[in-house]
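A quick write-up on the structure given underneath.
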Amino acid sequence: MHQVSVKMKKPRNFSFIDEFVAGSALINSKEEVEWLSANGVRTVISLVEPSREVKEIMEELGIENMLFPVEDFEAPPLEVLASIIEIIRERERRGEKVLVHCFAGCGRTGTVLACYLISKGMRPDDALSYLNSKRPCSLESQAQYNALWYYYSYISMSRSGHSSQRDDKEYPH
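Following numbering that gives the first Met the number 0, the numbering of the sequence shown begins with 0 at its first residue and continues without gaps.
Set out below in structure tokens:
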């Protein structure tokens, strides 16, 4: 059984962007997992794979870890991004806190967080401005910026009853 350490530690580059959703850098220690648990995080969306030890501690503490690997400076393919956002929105509807992380907690994390805000009705540039006000770094590449607009078009078409032809495409750089 997992023994709780005396000193919990807030993950690097951690911040909530609203009541339920946060971003951070890679979770590196049991102290960080314990901090997440103590602060109500129940689902972790990993855009890079955490260590086996960290995954085991998450499991012991009842934190669901979902892995969606994305290369540095890239964005998830549109259909994967849409799935991630649906997971986040479902957890939000249940009143559960979610953490999204990549290695540094910047570009890949920022892409997902901005698309989450877009799913709540923001336009891409407004989502990015808001995100920049909450987090020290957000997007790091043109592909990540383009992903916001593709996701915005995708959900706009979905809401109007049209389907997108770009579901599994990569974003131009």
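Quick reminder that beta carbons are idealized off the backbone N, C-alpha and C, glycines included.
Asked	Found
Relative to the alpha-carbon of PHE15, which residue among MET7, ARG122, GLY39 has its alpha-carbon at the smallest distance?	GLY39
Does the count of Cβ pairs from the region 84 to 97 and the region 120 to 137 closer than 8 Å reach three?	no
Report all residues from its chain with a CB closer than 6 Å to the CB of GLU95; omit the five preceding and five following residues, and keep chain order.	ARG41
Using C-beta distances below 6 Å, list every residue in its chain close to LYS8, excluding the 5 sequence neighbours before and after it, in chain order.	GLU30, GLU31, TRP34
What separation, rounded to the nearest whole angstrom, lies between the Cα atoms of TYR150 and LEU80?	8 Å
Assuming contact is defined by CB atoms lying nearer than 8 Å, are VAL47 and PHE102 in contact in what I supplied?	yes
Buried or exposed for SER23, going by 16 or more other Cβ atoms inside 10 Å?	buried
From TYR153 to LYS6, what does the alpha carbon distance come to, in whole angstroms?	44 Å
Name the residue from GLY160, ILE56, GLY106 whose alpha carbon lies nearest to the alpha carbon of GLU70.	GLY106
Identify every residue that forms a DSSP beta bridge with GLY96.	The sequence shown places Lys at residue 96, not Gly. Note: LYS96 sits in a beta bridge opposite VAL40.
Whose C-beta lies closer than 8 Å to the C-beta of LEU130 among residues of the same chain, with five residues either side of it excluded?	ILE16, GLY109, LEU112, ALA113, LEU116, SER137
Using the beta-carbon count (16 or more within 10 Å), is GLU73 buried or exposed?	buried
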